[in-house]
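Novice: Residue numbers (my numbering), protein chains in the order written: chain C, 1 to 228; chain L, 1 to 228. Quick one: structure below, then a few questions.
Number of protein chains: 2
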Amino acid sequence: MSDITGCSKCNIKFNGFETLNEDELNAFKESHCKVVYQKGETIIKEGTRCNNIICIKKGYAKLYIKGLENKNIIIKVLKEGDFIVSPGLFTDNLNHFSVSALTEMDTCLISVEAFTSAFRNNICFAEQILKLNHQITTDLYHQLINFSHKKMTGRIANTILYLSEKIYHSRNFYTTLSRQDIADLSSVSKESLIRVLKDFKESGIISINGNQIEINSPKTLENISRVG
Amino acid sequence: MSDITGCSKCNIKFNGFETLNEDELNAFKESHCKVVYQKGETIIKEGTRCNNIICIKKGYAKLYIKGLENKNIIIKVLKEGDFIVSPGLFTDNLNHFSVSALTEMDTCLISVEAFTSAFRNNICFAEQILKLNHQITTDLYHQLINFSHKKMTGRIANTILYLSEKIYHSRNFYTTLSRQDIADLSSVSKESLIRVLKDFKESGIISINGNQIEINSPKTLENISRVG
DNA sequence: AATTTGTATTGATTTATATCAATCATTAGG
DNA sequence: CCTAATGATTGATATAAATCAATACAAATT
């Protein structure tokens, strides 16, 4: 079997793809586009029609929603292996969030038609999609608790742990997120974020030098995050 | 066709049911239990295994998650016609929220087995379930914006409009939600909620007498809710 | 009717956090 | 190399909202 498009070594971490048969996989291969984005570029714009399912082959992006007074909420950071289905699918066919590149990115765009067809013809694929959605819902529940019951320090500790554990997989990481971005992940103002980071630094919990962050005491951060 | 269980006059508002064929419908009929709950009773307890899909035939309930320090967040109020699939389904099989009765309730509990089987055998049903989930996701996005960018007055105005428009379908309604419940819907303390309600009352936007609430100026409330 | 219990309300106070304004640092252009 | 522009930092101040404490009210129980 030839593999012109390189799908066989696809690094997207989604069990659903394994359920596809050869025909379904071919439909994906034929519909897809490989696109490279530069840092800062918008990949999905909230309010536009959702035409593609985005697979991230390489790089980082932020997924965010527009809030009040030109403020944004960053829902999550996307990385290699992630796979984004817009919640507009099967509803209003609009994108309900924006995605923009935090680094140079390699992406693979799959048409919604190919996706929909796979969903309709392959129940195992459909089940994996529902599973993914259920995970997203519980994540949003946690986000709600974070934002409504924790104070700044707890939310920011949570964000640092999230970046370390879920995104950069290291206690010492360099991030391309701006201070405003980290603030938007934590639902605090940029100034407050900076003050809390300084505080964490001065008490030795983290080391921070520009965009290089090292967690010295994960236990302490976890505790701050847990109690709020 | 006999209808011992009364499913033919089912009032649950979910397009997915219409996609079921006679066999699938019968599987639902056979698996279901009709259960009456009294005000205050717990129907679903967060952390327990999810064994049932809940259909609400009559009455009101609150769906809430446990936050920090014994505080709760009420995600939504459930009413006649609503239909609840736990996000634990296909993931960890646990309930990620609690549901408790706000009034006497008639419910219809469908086993997850019957539900799963319908999902797996009927792709139209599956599609409706995904659609429902996508709606839930976008609702949670709005909730996040509400909670992180609006101040108390905006969040409370939003809650009053929600109760009026989405739950009680009237500008003048009696609610069995306590002040604490309304506060938990709005992510404010009970005392703050009471003060803001008093404020709205004194400025003539609403009339309030115990649990009877009347909206005098929906436009003003909408404006307060919109600008935050 | 008296007592308890839970909920609702009000007022005083404290705390958390945003906002505003200024300065500093770093990068990008001319 | 200098200057503009953007992002990061710091400090002072204002404000929103929680908490604490006391009281009022209503319902349930004896």
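We put the CB at the ideal spot given by N, CA and C, even for glycine.
1) Against residue 141 of chain C, what residues of chain L qualify as contacts under a CB-to-CB distance less than 9 angstroms, listed in chain order?
2) Output the distance between the C-alpha atoms of residue 39 of chain L and residue 62 of chain L, rounded to the nearest integer angstrom.
3) Give the residues from the segment 20-42 of chain L that approach chain C closer than 7 angstroms (Cβ to any Cβ), ordered along the chain.
4) Please list the terminal residues of the continuous beta strand (DSSP E) segment that includes residue 173 of chain C.
5) Could you say which of C/141, C/22, C/30, C/46 lies nearest to residue 98 of chain C if we only look at CA atoms?
6) Could you check what DSSP says for residue 116 of chain L in three-state terms: helix, strand or coil?
7) Given a cut-off of 8 angstroms on the beta-carbon distance, is the pair residue 118 of chain C and residue 125 of chain C in contact?
8) What does residue 179 of chain C reach in chain L if we use C-beta pairs closer than 8 angstroms?
9) Is it true that the CB of residue 205 of chain C sits closer than 8 angstroms to the CB of residue 216 of chain C?
10) Helix, strand or coil: which one does DSSP assign to residue 241 of chain C?
11) Hey, quick one: how far does the beta strand (DSSP E) through residue 85 of chain C stretch, first residue to last?
12) Do residue 54 of chain L and residue 43 of chain L count as a contact pair if the criterion is CB distance below 8 angstroms?
13) Tell me whether residue 36 of chain L is buried or exposed, calling it buried when 16 or more other Cβ atoms sit within 10 Å of its Cβ.
14) Mind checking if residue 49 of chain L is an interface residue toward chain C, Cβ cutoff 8 angstroms exclusive?
15) Report all residues from its chain with a CB closer than 7 angstroms to the CB of residue 87 of chain C; omit the five preceding and five following residues, and keep chain order.
16) The beta strand (DSSP E) spanning residue 79 of chain L covers which residue range?
17) Report the residue from L/79, L/191, L/129, L/221 whose alpha carbon sits nearest the alpha carbon of residue 175 of chain L.
18) Just curious, the alpha helix (DSSP H) that residue 42 of chain C is in, first and last residue?
19) Between which two residues does the beta strand (DSSP E) containing residue 50 of chain C stretch?
20) Can you tell me which of L/29, L/191, L/10, L/72 puts its alpha carbon nearest to the alpha carbon of residue 58 of chain L?
21) Provide the residue span of the beta strand (DSSP E) that contains residue 209 of chain L, from first to last.
22) Kindly indicate the opening and closing residues of the alpha helix (DSSP H) around residue 124 of chain L.
23) What do you get for residue 226 of chain C, buried or exposed, if any count of 16 or more other CB atoms within 10 angstroms of its CB means buried?
24) Any beta-carbon of chain L closer than 8 angstroms to the one on residue 150 of chain C?
25) Given a cut-off of 8 angstroms, decide if residue 136 of chain L and residue 137 of chain C are closer than it, judged by their beta-carbon atoms.
26) Please report how far the alpha carbon of residue 4 of chain C lies from the alpha carbon of residue 69 of chain C, in whole angstroms.
27) Are the C-beta of residue 62 of chain L and some C-beta of chain C separated by less than 8 angstroms?
28) Ends of the beta strand (DSSP E) at residue 38 of chain C?
29) Output, in sequence order along the chain, the residues in the segment 209-228 of chain C whose CB is closer than 9 angstroms to any CB in chain L.
30) Do you know how far the Cα of residue 110 of chain C is from the Cα of residue 33 of chain C?
31) Taking the alpha carbon of residue 151 of chain L as the reference point, which residue from L/219, L/228, L/203 has its own alpha carbon closest?
32) Keeping to the same chain, check which residues put their C-beta closer than 7 angstroms to that of residue 173 of chain C; ignore five residues upstream and five downstream.
Specialist: So, from the data block:
1) Contact annotation for residue 141 of chain C against chain L: 65, 73, 75, 87, 96, 97, 140 [CB-CB distance below 9 angstroms, chain order].
2) 11 angstroms
3) none
4) 172-174
5) It is C/46.
6) Here residue 116 of chain L sits in helix by DSSP.
7) yes
8) Chain L residues near residue 179 of chain C: none, gap ~17 angstroms exceeds 8 angstroms.
9) Note that the C-beta distance between residue 216 of chain C and residue 205 of chain C is below 8 angstroms.
10) Look at the range of chain C in this structure, 1 to 228, and you will see that residue 241 of chain C is not part of it.
11) Neither: residue 85 of chain C is in no beta strand (DSSP E) and is coded neither H nor E.
12) Yes, Cβ-Cβ distance for residue 43 of chain L and residue 54 of chain L is below 8 angstroms.
13) Using a 10 angstroms sphere on the CB of residue 36 of chain L, the tally of other CB atoms stays under 16, which defines it as exposed.
14) no
15) 96
16) From DSSP, residue 79 of chain L is part of no beta strand (DSSP E); its letter is neither H nor E.
17) L/79
18) Counting along the chain, residue 42 of chain C falls outside any alpha helix (DSSP H), though it belongs to the beta strand (DSSP E) covering 42-44.
19) It is not in any beta strand (DSSP E) - residue 50 of chain C carries neither H nor E in the DSSP assignment.
20) The residue with the shortest Cα to Cα distance from residue 58 of chain L is L/10.
21) First-last of the beta strand (DSSP E) with residue 209 of chain L: 206-209.
22) 123-149
23) Burial call: exposed.
24) yes
25) yes
26) Legend: pLDDT at residue 4 of chain C = 45, less than 50; position of this residue unreliable, value from coordinates given subsequently. When rounded, the distance between both Cα atoms is 47 angstroms.
27) no
28) Premise fails: residue 38 of chain C is in no beta strand (DSSP E) and is neither H nor E.
29) 226, 227, 228
30) 7 angstroms
31) L/228
32) Result list for residue 173 of chain C: 163, 164, 213, in chain order.
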